[in-house]
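Below is one structure, written out as structure tokens; the observations come after it.
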Amino acid sequence: ASNGEARRALKENSVSVNKDKVGEDYTITTEDLINDKYIVINRGKKNTFIIKVV
Numbered sequence: 001a002s003n004g005e006a007r008r009a010l011k012e013n014s015v016s017v018n019k020d021k022v023g024e025d026y027t028i029t030t031e032d033l034i035n036d037k038y039i040v041i042n043r044g045k046k047n048t049f050i051i052k053v054v
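Counted from 1, the sequence shown has number 32 at position 32 by this note's numbering; the numbering is strictly sequential.
Given below as structure tokens:
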């Protein structure tokens, strides 16, 4: 996916972090971590990503 595609998804309000919708100005912080190491990112209904922070 391109940076432009990511920006469009954020503008369309189709991105969520841990099931909370986020906009273009959102910054992921340590408070977003699940069990101090995971973040769940959704784009739309069908694309779900689990990110492990090391």
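From the three backbone atoms N, C-alpha and C, an ideal C-beta is built for every residue, glycine too.
Exposed is the label assigned to V53, since fewer than 16 other Cβ atoms lie within 10 Å of its Cβ.
Residues N18, I50 of the same chain have their beta carbon placed closer than 6 angstroms to that of V40, with the five preceding and five following residues left out of the count. Nearest Cα to K46 within the set S16, S2, D36, Y26: S16.
Bounds of the alpha helix (DSSP H) holding K11 are 3-11.
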